[in-house]
Structures are given as structure tokens and as C-alpha cells.
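Below: one structure, written as C-alpha cells.
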Amino acid sequence: MFSKQAIINVKVFNLEVKMNYSFYERVNQHFDTLSDSEKYLLHYVQEHLNEMPKISIVRLSEQANVSTATIVRTMKKLGYDGFTSFKIHLKDEHRRSPEFSVVEKVDNKIKEAIMKNELEVTKTIQMLDRGTIEDVLQKIIYARKIVLFARGFSELIAKEMAVKFQLTGKYCEMHDDPNIIRTVSKRIERQDIVIFISLNGSTEELVQAAKNCKANSVSTITLTANRESPLYALSELALVGYKSQVSYFPDYEVRSRLPLQVMARIILDAYAIRTQT
1 MFSKQAIINV KVFNLEVKMN YSFYERVNQH FDTLSDSEKY LLHYVQEHLN
51 EMPKISIVRL SEQANVSTAT IVRTMKKLGY DGFTSFKIHL KDEHRRSPEF
101 SVVEKVDNKI KEAIMKNELE VTKTIQMLDR GTIEDVLQKI IYARKIVLFA
151 RGFSELIAKE MAVKFQLTGK YCEMHDDPNI IRTVSKRIER QDIVIFISLN
201 GSTEELVQAA KNCKANSVST ITLTANRESP LYALSELALV GYKSQVSYFP
251 DYEVRSRLPL QVMARIILDA YAIRTQT
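What the sequence shown shows, in full-length UniProt numbering, is residues 1 to 277, in sequence order.
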């Protein structure tokens, strides 16, 4: 009789052998078990094998005229975990082929993008000062109303903040038009508070609005990623996040607002917690 460990070792060995089968070996081994649609798919894949590293499952579905479910089911019948697993194994079989090196390059680029976002979130949280967050909360809680000023992509964050403050019963208004920002900022009263949301902290109309608020002794809070900005210098309180220097849209001024989103969410969550208890 074989011991349990011996049986396990045999199973592991068989699994490793199966994992080492080439694509064509797998096709030959399982071809008779496939349905007509699965055989049709494999015929298409074999005819366009060099395109597989670059193609998505949705694109393959369209080009081969089969469902994504058929693709996944076929690959599993061949012993792969799925379509991505198939592409990775295919790349391993053709390491020296330039067409298949694309998979590894794309994977690494995606990893870089993921790490960039993780870094922005982690460093932003590390840079936040608890004392400043508490001061911001107190200002917001005791203000008669909140006025939010933002431009560009930062407007989306400001709109979310405005809605959530309103849902808690706090009076809040948001402005994104340059002329309205300049005009309204002159009329805000001391019992109110202004929150600026600006990644670079240098937007002209926001800087002018901050000057107007300071001249009228109106408290201001800024969410930014630039400690050297004029908006930071003019604000009574400021939360500063970490902005990565990497941009995947270098030709346009559309850098990630993730650090601003993190800070905005922390303020909103903390305000909700503080006012509900």
C-alpha cells in the first residue's frame, strides 16, 4: 500500500507534468472532448497565435465570433485557469519571440500604474497631521455654511463633498465658474468657511478668491498637493497630499486627483462620525 504522502507526491508530479504541456500538446490531448464551437475557437487561435499576447478576451470573442464564456470554458478544458493563464503559458513557450514579450511588458506597466496609485494613497495618509484634521473639523462644524471653490477635474471632488455635506444637514454650496468664484468670494461672511480644492494650488481665480477671503477675515481650508503654492500660503488651514510625478497623459493637464480624493473622503467620514455621535 502507498502512503498518503506518496499519493500526494504522485498527484503533485502529475499536476506539474500537466502544467508543462505545450499548447499544441494540450490541444491534441483534449481535442476529442471539445464541442464544435470550442474546436472552431481553437482553430481560430491557432491561425492567429502571434496575435494572442496583445488581444483581450472581449476582442477575441468578437473576432472569433464566440462568447467569452466559450473562451474561458475551452481554456479550462485544456488545463489552463482561464484566458489570462493561457496567454502567460503561451508567453513562457515563446520567450524568445518578440510578439510574446509584449505580455510581460504590459504586465509590468500595469504593475507600475497600480504601485503609483498605491503610493499616492499611502503617502498622502502618512503626510496628514491629526491636529490639522481636528482643526478642520472644528471649523466646519461651527461654520454657519460651507463654500467650496474648485476648477477643472477638482470640481468632481468638490461636488461630491457638497452633496455629502448637504446630506448631513450642513448648508453647503459649490462654485466652479471663474467669474462667480471671484465675485462670491468677496461676499462671504466671517461666520462662514471656504474650502479650496486644487491640485497645484496656483489656479488664478482660486488664489484671488483666497486673497479676498483673507482681506475679509474669512477662515479658509485648502486641499492641495503643493506645499509651495500661493493657495497654501494664503490659507488658514491646509491638508497636503502626495502627488506622483508620473503621468500617463503627459500631453494634457489631467493629473491624478487621487490625493485630493483621499483627503476629501477623510474629512467627510470624520465629519459624519463626529456629528452623528
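Note that beta-carbon positions come from the ideal geometry of N, C-alpha and C, so glycine has one too. Computed from a predicted structure; not experimentally measured.
- T74 is the residue among D177, I140, S219, T74 whose C-alpha sits nearest the C-alpha of V27.
- Per DSSP, H48 lies in no alpha helix (DSSP H) segment and is marked neither H nor E.
- The criterion of a C-beta distance shorter than 9 Å is not satisfied by L206 and K243.
- Annotated as distal: I125 and M161, with beta-carbon spacing of 9 Å or more.
- Counting of Cβ neighbours within 10 angstroms places A150 among the buried residues, the total reaching 16 or more.
- Residue environment: F31 is assigned as exposed (fewer than 16 neighbouring CB atoms within 10 Å of its CB, all protein chains considered).
- By the Cβ-count criterion, I193 is buried, with 16 or more other Cβ atoms from all chains shown falling within 10 Å of its own Cβ.
- Counting other Cβ atoms within 10 Å of its Cβ, H89 reaches 16 or more and is therefore classed as buried.
- Here DSSP, grouped into helix, strand and coil, assigns L41 to helix.
- When rounded, the separation of the alpha-carbon atoms in E38 and K87 is 17 Å.
- DSSP lists no bridge partner for C213.
- Cβ neighbours of F165 within its own chain (closer than 7 Å, five residues either side excluded): I146, C172.
- In this structure, the alpha-carbon of I267 lies about 7 Å from that of I133.
- Contiguous beta strand (DSSP E) elements confined to the UniProt domain "SIS" (133-277) occur at 146-150, 172-175, 193-197, 219-224, 237-240, taking only those with 3 or more residues.
- With a threshold of 16 other beta carbon atoms within 10 Å, G201 meets it and is buried.
- Here H175 is buried, its C-beta having at least 16 other C-beta atoms within 10 Å.
- Cβ-Cβ separation between L239 and V136: approximately 7 Å, consistent with a contact (criterion under 8 Å).
- If you look at N28, you'll find it in the alpha helix (DSSP H) that goes 23-30.
- Collapsing the DSSP output to three states places L34 in coil.
- DSSP places V66 in the coil class of the three-state scheme, outside both helix and strand.
- Nearest C-alpha to G169 among I140, K91, F153: I140.
- Scanning its chain for C-beta atoms nearer than 6 Å, with the 5 sequence neighbours on each side dropped, one finds around E236 the residues S219, T220, in chain order.
- At a Cβ-Cβ threshold of 9 Å, R257 and L128 do not count as neighbours.
- A residue is called buried once 16 or more other Cβ atoms fall within 10 Å of its Cβ, and L148 is buried on that count.
- Its chain contains N212 as the residues whose beta carbon lies nearer than 7 Å to that of K186, once the 5 sequence neighbours on both sides are disregarded; these appear in chain order.
- A direct Cα-Cα distance of roughly 42 Å separates V66 from V262.
- When the Cα atoms are used, I180 and L260 turn out to be separated by approximately 23 Å.
- A distance below 8 Å between beta-carbons, with the five flanking residues on each side excluded, links Y21 to the following residues of its chain, in chain order: Q29, G79.
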